[in-house]
Amino acid sequence: MKEIKKFKRVLVANRGEIAIRIFRACQELGIRTVAIYSEEDKNSLFRTKADESYQIGKGKTPVGAYLAIDEIIDLARSKGVDAIHPGYGFLSENEEFAAACEDAGIEFIGPTHEMMDSLGDKIKSKIVAASVGVPTIPGVEKAIETEKEALEFAQKCGYPIMLKAAAGGGGRGMRIVRSEEDLIPEYRSAKSEAKKAFGIDDIFIEKYLEAPKHIEVQVLGDKYGNVVHLCERDCSIQRRHQKVVEFTPSLCLTEEKRNAICEDALKIARSVNYRSAGTVEFLLDKHGNHYFIEMNPRIQVEHTVTEMVTGIDIVQSQIYVAEGYPLDSKEVGIRSQKDIQMTGYAIQCRITTEDPANGFAPDTGTIELYRSASGYGIRLDGGNGFTGSVVSPYYDSLLVKSTAYARTFEGATQKAIRALRETEIKGVKTNVGFLLNVLNHPTFRAGECDTGFIEANPELLN
Ligand code: ADP
1 MKEIKKFKRV LVANRGEIAI RIFRACQELG IRTVAIYSEE DKNSLFRTKA
51 DESYQIGKGK TPVGAYLAID EIIDLARSKG VDAIHPGYGF LSENEEFAAA
101 CEDAGIEFIG PTHEMMDSLG DKIKSKIVAA SVGVPTIPGV EKAIETEKEA
151 LEFAQKCGYP IMLKAAAGGG GRGMRIVRSE EDLIPEYRSA KSEAKKAFGI
201 DDIFIEKYLE APKHIEVQVL GDKYGNVVHL CERDCSIQRR HQKVVEFTPS
251 LCLTEEKRNA ICEDALKIAR SVNYRSAGTV EFLLDKHGNH YFIEMNPRIQ
301 VEHTVTEMVT GIDIVQSQIY VAEGYPLDSK EVGIRSQKDI QMTGYAIQCR
351 ITTEDPANGF APDTGTIELY RSASGYGIRL DGGNGFTGSV VSPYYDSLLV
401 KSTAYARTFE GATQKAIRAL RETEIKGVKT NVGFLLNVLN HPTFRAGECD
451 TGFIEANPEL LN
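First residue of the sequence shown? That's 1 in UniProt numbering, and the numbers climb one at a time after it.
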């Protein structure tokens with residue numbers, strides 16, 4: 001007998017666009033929503049989109065407020081919350097938080113803390129992948145302990161190499177090293193960046209692939225060991241190892257290659273009986289070989305494109321499986337892997353308050369004018385995009401995600417361009433012009449961008 005526990009109140013331990021995205025999913029399911037917000041977010045739009053909102057983290061830093069595990073759990077308890085959705089970033093990959101929820105009798109909408117433990121760290125997850133026969137990037141599957149070891153491991157691997165933080169995320173704690181003389185300074189700087197960003201400074205080494213493609217697979221599992229994949233996303237268009245434009249399906253995969261990558265993603269997810277939404281990330285080299293790089297045990301920024309082409313609401317599916325529904329229940333509605341079909345093409349552009357001409361430096365200030373796009377085939381997932389809103393320096397610079405959908409890749413591109421042209425933002429610098437340059441570029445039109453695309457085309461920045 002499957003035990004179903006319907007949620008009445010869900011707290012979202014996050015802010016901005018993803019908090020709003022989750023509130024919407026809850027509201028459509030008749031679940032009451034609870035927001036938390038920091039002092040710096042007291043005028044942010046997301047808190048007004050929840051049924052209730054509470055300030056947390058008094059005396060803490062703007063980011064620290066959203067990391068205050070005890071305070072968040074106490075609040076959830078006192079407000080009769082039965083589940084917490086962590087969104088992405090902040091506590092979403094924090095095993096301690098997932099375990100604290102479990103101890104408090106609150107459902108954590110995500111994988112179990114044991115699953116996070118085996119997959120959340122880049123070194124451990126590579127070991128899991130290798131153990132089920134999934135190719136990984138050649139390297140040393142062990143944290144470097146001394147500078148001498150760094151030199152030895154790098155030599156073993158062969159330059160160029162990539163230094164990576166085991167706990168890394170958002171492209172931080174990562175360094176390309178092309179020759180031995182640069183290794184130690186880069187190692188020290190990666191280590192200190194990792195310590196600052198993640199509190200853990202384990203660094204490992206792997207071979208650096210020249211301009212690969214980034215292909216990732218969305219997976220979804222329930223509490224009964226059923227796991228499906230929702231096909232791939234092409235997230236190769238990146239600046240500073242961070243994604244800016246994502247689309248699906250990828251134009252560079254044969255049907256055979258797509259199946260091989262998706263099957264490998266399933267092997268990894270199945271090996272831990274993965275539950276909830278997760279993403280298995282791969283790099284594809286120039287010869288078409290794919291290598292696992294990491295698994296993200298959470299919802300991702302770019303989940304929207306998958307939703308558009310599969311018709312599956314991933315956030316609602318996360319909530320249903322956390323309530324105990326199997327994937328093939330009428331609520332989740334995924335009878336089998338065969339039931340999942342991609343129709344058409346979707347492209348997401350991350351509109352950020354950054355200045356591309358100045359190294360993508362974040363800009364801040366008051367938005368004096370905000371006119372958003374709309375119309376057939378456009379989906380917007382926004383945080384604080386409105387006239388009069390203040391863009392603060394405390395959080396990430398994502399303003400709104402503009403996702404276009406059409407039957408063809410060309411059609412989706414045209415819609416995405418049309419939406420960007422309709423978007424008018426004054427008062428803060430944005431990357432809208434840069435995104436238009438990307439979408440108009442022949443390499444993008446051919447679906448051939450790799451992770452070196454932006455760097456190789458500096459004219460995109462003007
Ligand atoms: P994060 O967790 O910080 O996002 P990932 O491991 O997902 O880091 O990698 C982010 C991006 O960095 C990849 O999409 C790719 O562009 C680049 N990258 C990571 N590892 C390698 C590698 N070994 N060789 C070349 N590029 C890499």
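Every residue, glycine too, gets a C-beta built ideally from N, C-alpha and C.
Distance between residue 397 and residue 198, taken at the CA atoms: about 19 Å. Note: residue 362 is bridge-paired with 354 in the DSSP secondary-structure output. The shortest CA-to-CA distance from residue 74 to any of 55, 180, 48, 362 is the one to 55. Shown here, residue 292 sits in a strand according to DSSP, grouped into three states. DSSP places residue 261 within a helical segment (H, G or I) once states are collapsed to three.
Check the Cα spacing between residue 38 and each of 107, 171, 71, 310: the tightest is with 71. Remark: C-beta atoms of residue 207 and residue 158 approach each other more closely than 8 Å. In terms of CA proximity to residue 419, 376 leads the group 376, 336, 217, 302. Rounded to the nearest whole angstrom, the C-alpha separation of residue 137 and residue 293 is 7 Å. In the DSSP assignment, residue 323 falls outside any beta strand (DSSP E) and lies within the alpha helix (DSSP H) extending over 314-323. Between the alpha carbons of residue 8 and residue 275 lies a gap of roughly 21 Å. Taking the CA atoms as reference points, residue 455 sits about 30 Å from residue 260. Within the chosen limit of 7 Å, ligand 1 reaches the beta carbon of residue 122 through at least one heavy atom.
Given a length threshold of 4 residues, each whole run of the alpha helix (DSSP H) inside the segment 145-188 is given here in chain order: 147-157. One Cα belongs to residue 168, the other to residue 367, and the distance between them is close to 32 Å. Within 10 angstroms of the beta-carbon of residue 458 lie fewer than 16 other beta-carbons, which makes it exposed. According to the DSSP assignment, residue 28 belongs to the alpha helix (DSSP H) that extends over 16-28. Distance between residue 313 and residue 290, taken at the CA atoms: about 28 Å. By the C-beta criterion, the segment 179-198 is judged not to be in contact with the segment 214-223, since fewer than 3 inter-stretch pairs fall below 8 Å. Rounded to whole angstroms, the Cβ separation of residue 425 and residue 440 is 19 Å, and the two are not in contact under 8 Å.
In this model, residue 190 and residue 22 are separated by some 34 Å (Cα to Cα). A Cβ-Cβ contact shorter than 8 Å links residue 35 with residue 47.
Burial is judged here by how many other beta carbons sit within 10 angstroms of a residue's own beta carbon; residue 351 has at least 16 and is buried.
When the five nearest sequence neighbours on each side are left out, no beta carbon in the same chain lies closer than 6 Å to the beta carbon of residue 341. Looking at 59, 142, 132, 405, the one whose alpha-carbon comes closest to that of residue 123 is 142. The beta carbons of residue 295 and residue 119 sit about 5 Å from each other, so the pair counts as a contact at 8 Å. Distances from the CA of residue 429 to each of 135, 272, 361, 113 were compared; the closest alpha carbon is that of 361. Beta bridge pairing from DSSP links residue 243 with 238. Within the same chain, Cβ atoms closer than 8 Å to the Cβ of residue 195 are found at 201, the five residues on either side in sequence being excluded. Inter-residue distance for residue 435 and residue 349 is about 7 Å (C-alpha atoms, whole angstroms). As far as DSSP is concerned, residue 254 takes part in no beta bridge.
Look at residue 82 here: in three-state DSSP terms it is coil, with no helix or strand label.
As the crow flies, the alpha-carbon of residue 299 is around 17 Å from that of residue 273. If you check the CB distance, residue 220 and residue 327 come in under 8 Å. The way I'd put it, the segment 406-415 doesn't touch the segment 319-339; fewer than three beta-carbon pairs between them come closer than 8 Å.
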